[in-house]
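This report concerns only the one structure given below.
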Amino acid sequence: MFVRSARVADMAFKSIVGVLAAFTVVGTVNSISMIYDIKKRADIRRFEMERKTLEGNDSMLARWIHKELDDTCTTWADTPPPAEAIAYFTSINHPVPPLTNPGDHFLDITAPDTSIEHGEISAARIEKLIKHWRAHHNHHKFPPFGTRPAVPLPNPSAPRGIALFCTRCALLATRNLRIIHRDRQSWFSLIVQTIVVVVLFGWLFWHIGTTQASIKNRLGILFFLALERFLTSLFRVVRILPAQRPLIVRERSKSMYSASELYIVKLATDILTVFAQHLVILTALYFMIGLQVSVAKYTVFIGIGALLALVGHSLGYLLSAISPSVDVGLVTATLLSSVYGMFSGNLIIPSKIPIWLRWITYTDPLYYTFSAWSQNEFSGLVFPCADPRCIPNGETVLAMQDIQEVTIAQCAIVLTSLWVLYTFVGYFAIRVTTSVKTVKSFM
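Counting in the UniProt record's numbering, the sequence shown runs from 1 upward without gaps.
So, in structure tokens, the structure goes:
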């Protein structure tokens, strides 16, 4: 009985020890498998990264390396360890050295060496690998990746020079017009703004006549209409470039277009909506207010307003290009328009401005617009009044306001000059702020 009990105890003890040993073995195997799996995934990831660095190179050598890396990654993913790959490279006198990762070895012998002293050796070794694969495996598939077509494929020549410039501008214009067309919120706000301005100003200044009270009304509507047109042209574009700068920098880094192509297209396409609204508002208010009915005066009124819209549009792109964000651009535009409105010649008589501040007046597009519109409207206008203290005609108003120092033709020339200046400065600003930053290496 005692012997049987001892045998049972001994068997139980051995069973417990066996179970513990089995748990230990299973745990060890799991640990080894986990480590191997992690290493396998890391190698596959490294192979993928090495392969992606060669993308974009159209040479036969680079494509051969792509295929070799793809085969290596597939072998690792499907049947680890890559016994077939090791056997293949061993058969062509490129065995895996001891204590070396097979993936590293495969990359070393298939990747080109760009150094001067080892470049020829690397190219010769890879050429031998290509010839061996052609001779002993599939010479149709790899390389040169399939048989040649029976009929030669057309190879259109890429446009160059003026043709390339026109092609890029056409593509950019098409994209920009589609963006404008799809921006329903901007279209809605544009329509609402047009209706509100026409109805509000037209109703407030409806047929102001030629009374003494109409003198102030004329000066007021000409000033506020110039300010409203300038602000509309300015604020419509000042928020564009800060929001689109990351996209523009990324596309310019890939040589999709140049700064001149981008700038010309944006100026040309965005000004269409500005001119359309400009023509509708100025034409409607001209006749609703009751300004002088004359083809020549109407033409001058629309032309000066068009120049003001161009100046505001170009200045908006200039501020948009130099502003790091939309908020900074809006604040700068608000400050600048406030200063221009103060020195426009309506709130302060130009001759009363201190000499050291008159340079602001002479660079103010609102001053030249208000001066040209006032001269165009008040010249030849008579205000009937029996009281000798009344203002008899428009020439007297111009003399009192001191806004006839610069003629209408000179105002048009200065506005055109400001437009050209802002356009060129804005172009150089966009070219600098959207250029690709290069990183210098000191190695």
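Virtual Cβ for every residue (Gly too), placed ideally from N, Cα, C.
Remember, predicted model here, so these are calculated numbers, not experimental data.
When rounded, the separation of the alpha-carbon atoms in residue 229 and residue 366 is 10 Å. Comparing C-alpha distances from residue 304 to each of 242, 426, 406 and 373 shows the shortest one belongs to 373.
For the pair residue 256 and residue 354, the Cα-to-Cα distance works out to about 51 Å. In the structure shown, residue 414 falls within a helical segment according to DSSP collapsed to helix, strand and coil.
Taking 8 Å as the cut-off, the Cβ atoms of residue 245 and residue 423 do not count as close. The beta-bridge partner set that DSSP reports for residue 382 consists of 393. With a cut-off of 8 Å on Cβ pairs, the region 348 to 364 is not in contact with the region 373 to 382, counting fewer than three such pairs.
Sequence-distant partners of residue 263 (beyond 5 residues in either direction) whose C-beta falls short of 6 Å from its own C-beta, in its chain, are 427 and 430.
Inclusion of residue 236 and residue 345 in the CB contact set at 8 Å is not warranted, their separation being larger than that value. By the C-beta density criterion, residue 206 is exposed, having fewer than 16 other C-beta atoms within 10 angstroms. The three-state secondary structure of residue 242, taken from DSSP, is helix. A straight line joining the alpha-carbon of residue 323 with that of residue 239 spans about 9 Å.
Annotation: the continuous alpha helix (DSSP H) that includes residue 284 extends over 259 to 289.
The region 283 to 295 makes contact with the region 195 to 204: 3 or more CB pairs, one atom from each, lie closer than 8 Å. Residue 343 carries a coil assignment under DSSP once its states are collapsed to helix, strand and coil.
Using a 10 angstroms sphere on the CB of residue 272, the tally of other CB atoms stays under 16, which defines it as exposed.
Distance from the Cα of residue 421 is smallest, within the candidate group 310, 85 and 335, for 310.
In this structure, DSSP gives residue 209 a state outside helix and strand, which the three-state scheme calls coil. Take residue 123, set aside five residues on each side of it, and the residues of its chain with a beta-carbon closer than 7 Å to its own are 112, in chain order. Of the residues assessed, residue 411 falls on the buried side of the cut-off, its CB having 16 or more other CB atoms within 10 angstroms. By the Cβ neighbour-count rule, residue 84 is exposed, with fewer than 16 other Cβ atoms within 10 Å of its own.
In terms of Cα proximity to residue 318, the closest of 415, 92, 267 and 179 is 267. The beta carbon of residue 248 sits closer than 7 Å to the beta carbons of 262 and 434 from its chain, once the five residues preceding and following it are set aside; these are given in chain order. Judged by DSSP in its simplified three-state form, residue 131 adopts helix. By the C-beta density criterion, residue 415 is buried, having at least 16 other C-beta atoms within 10 angstroms. In terms of Cβ geometry, residue 86 and residue 102 form a close pair [threshold 8 Å]. Rounded to whole angstroms, residue 215 and residue 181 show a C-alpha spacing of 42 Å. DSSP places residue 320 inside the alpha helix (DSSP H), whose first and last residues are 295 to 322. DSSP places residue 86 in the helix class (H, G or I) of the three-state scheme. Straight-line measurement puts the Cα of residue 385 at about 51 Å from the Cα of residue 425.
One alpha carbon belongs to residue 193, the other to residue 300, and they sit about 24 Å apart. Under the three-state reduction of DSSP output, residue 220 falls in the helix class.
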